[in-house]
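In what follows, a structure is listed as structure tokens, so that the remarks can point back to it.
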Amino acid sequence: MNKPMQIGFNTFDTHVIDKDPDFILPLKNGVDFIFCHFDPPKWKFDSCEEKAAAAVAVLKELGLPFVANFEFQNFARDTYVDGYEWSNRPDGTHLLDMKPSFFEALRSQGNLLAVTYDEFEHVIINRNISLWLDSKGKVDLAAFPQLDTRDAFRQGEALETDLKAYADALKSMGAPAVSGEHVWPVLHHLFARAGIIPNFKSQKELVSNIHFAVAAGAALEYGTPLWNCVDLWHKMTFPGHTPEEMYHNLVFAYLAGVDRVYVEASNAFVEDDGEGGKKLNAYGENYLRFTDKYKGKERDYNVQDYRPEIGVIRYDDTYWGQNLVWDRGLFGNRKIRPDARSKEWLHIIKTVTHGDTRSTGFTWGRIAPSALTPHRSFVSMNSLAVFDDRVKKETLKSLKLCFLCGVRVSPETLSAVDELVSENGLTVVCPRRYAPARYRSLLKKDYTELSCGKGSYIITDNFESARLRNRIAPFLGNKDEIRLTFKDREIRLKIDEKGETFTQI
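This note's numbering numbers the first residue of the sequence shown as 522 and each following residue consecutively.
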């Protein structure tokens, strides 16, 4: 069965309406869809429906379905115009409220694929931080209501309820699908449970293949599609990645079974031609190089055929290594602080990547020690996926090595893992609190290994110890390689020294 990947790029409503070269030139060899930024404040909200309808009509004329993307609310404090409030809610939160007549304009030609809330998890966990920064700390608005609690699980449950209601409201208006666009490697699983498509950024300030492992785990666990934004921004620089790095991130998306990929943004593809016009530059040429080779190319697998061999199971409390300016509390609630349990998964990722990532996180923030080190898109990884605390047995059957960590793992998941140890020969690494009760009296202080049926438990609170690394080395694959295993094939990639490109082995 052919499961081709859909390919597009991110552009802006004004480029579409004006048929700007930034929009037209990248279409030279055709794309499958457009990811279009709609920005009503740019039009001062008067006649915004007419202009949205005009952009949609141009896309229809070109035979292009589109995803409507919204980001203005992340930067606009005052959004009350012509009797409609787009973002500021009566409960004191700041969250996009779609104007019904505007939404009808988006649907007017029948080519709307989905609605995307740009950097949705970012505004949730960092409380609309762009507004906070722009106001020098005077404006501090959460995206959803915050509970009076120090319990991450309670806040997460409340957020799931609110997110599902939000996504359902958009779908009831006629959105065929809803997605976020994740800057940080968190909330993919909760979004998927709420009916929001996991959509991970690569490049940017992230390790692309590790962010894939998190988002792919969510898509696999909850049976959703997987989208990928290959983002050319790096810190405050655009474009902040090389054309070759962009090209290889696109190829990785294809090989990894991503369903829909797009580049942010098309204005990076063109430059002045010296005669008053525009021409494609190295970014544009490499984009066309990719579409020439991969657009419509048959692929008989996607992320739902991924069969990971290493799994990390944890309750996603939104900790990714926050520090300094980002340290605003888990789920955006300042009363909920990360503890040692929140940080365990970062130590695990460092171990399974042969030390290629840091135990403080695998992102490059603008204001963090990591900002001093060179960015790399790709690190060593052997068939990894990250699951949440309620993952079911069927999803875990392909695992050979599994880590239990974080603030919570459900009793049902612990039971499923225990069965896979005994029946399938799974090796489990976990802290004392997740060791089966029958073994508690046998545990030694630092490290205990116990056989259980065909498999074994390794019980330790130190996920970076030399003893553990040596014991699980046979599961970790080769350094400087990415290995992906699907139901009927494996893909191996040799990473270059800078971590920007790879060759398929």
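Virtual Cβ for every residue (Gly too), placed ideally from N, Cα, C. Keep in mind the model is a prediction, meaning the values are calculated, not measured.
Following the DSSP letters along the chain, one finds Trp866 inside the alpha helix (DSSP H) bounded by residues Ala861 to Val873.
By the Cβ rule, the stretch 723-737 counts as touching the stretch 867-882, because three or more pairs are nearer than 8 Å. Leu941 is positioned such that its CB atom lies closer than 8 Å to that of Leu917.
Ranked by Cα distance from Lys692, the first of His896, Ala635 and Phe984 is Ala635.
About 7 Å separates the Cβ atoms of Cys951 and Tyr978, confirming a contact at the 8 Å cut-off. Collapsing the DSSP output to three states places Thr1022 in coil.
Spatial neighbours of Arg855 in its own chain (CB-CB distance under 7 Å, excluding positions within 5 residues in sequence) are listed in chain order as Arg849.
Of all C-beta pairs linking the stretch 672-690 to the stretch 650-663, fewer than three are shorter than 8 Å, placing the two stretches out of contact. When beta bridges are read from the DSSP output, Tyr601 appears opposite Glu606. Just measuring C-alpha positions, the residue of Glu606, Lys914 and Gly778 sitting nearest Arg1010 is Gly778. As computed with DSSP, Gln724 is found in a beta bridge with Asp752. Inter-residue distance for Gly738 and His732 is about 10 Å (C-alpha atoms, whole angstroms). Taking 8 Å as the upper bound for CB-CB distance, Pro561 and Gly798 are not in contact here, some 30 Å apart.
Your pair Pro746 and Arg781 checks out as a contact, with CB atoms roughly 7 Å apart and the cut at 8 Å.
Residue range Ala673 to Ser693 is occupied by the alpha helix (DSSP H) that includes Gly677.
Check the Cα spacing between His558 and each of Phe1007, Gln594, Ala736 and Thr1006: the tightest is with Gln594. For Thr812, the three-state secondary structure derived from DSSP is helix.
Nearest in C-alpha terms to Leu627, of all of Lys572, His615 and Gln676, is Lys572.
By the criterion of at least three beta-carbon pairs nearer than 8 Å, the stretch 572-592 is in contact with the stretch 630-647. Burial check for Leu922: the Cβ neighbour count within 10 Å reaches 16 or more, so the residue is buried. Where Asn531 is concerned, the enclosing beta strand (DSSP E) starts and stops at Gln527 to Phe533.
The Cβ-Cβ distance between Thr981 and Ile834 does not fall below 8 Å.
Of the residues Tyr808, Ile1003, Lys1008 and Ile1012, the one whose Cα lies closest to the Cα of Gly1020 is Ile1003.
Of all alpha-carbon atoms in Phe554, Pro895, Val928 and Ile538, the one lying nearest the alpha-carbon of Gly817 is that of Phe554.
Tyr638 carries a strand assignment under DSSP once its states are collapsed to helix, strand and coil. Within 10 angstroms of the beta-carbon of Lys1008 lie fewer than 16 other beta-carbons, which makes it exposed. Scanning its chain for C-beta atoms nearer than 7 Å, with the 5 sequence neighbours on each side dropped, one finds around Tyr840 the residues Leu851, Pro859, Ser863 and Lys864, in chain order. A straight-line Cα-Cα distance of about 19 Å links Leu867 and Thr948.
Restricting attention to Tyr836, Val900, Ser787 and Asn823, the CA atom closest to the CA of Pro547 is found in Ser787.
Rounded to whole angstroms, the gap between the alpha carbons of Leu741 and Ser931 is 18 Å.
The closest CA to that of Lys722, considering only Val707, Gly716 and Arg714, is found on Val707. Rounded to whole angstroms, the separation of the alpha carbons of Phe623 and Phe1023 is 44 Å. In the DSSP assignment, the residues bridged to Leu922 are Ile831 and Thr948. Comparing C-alpha distances from Phe899 to each of Gly927, Asp1017, Asn999 and Gly842 shows the shortest one belongs to Asp1017. About 22 Å separates the beta carbon of Phe596 from that of Val784, a gap too long to meet the 8 Å contact definition. One Cα belongs to Arg990, the other to Glu970, and the distance between them is close to 14 Å.
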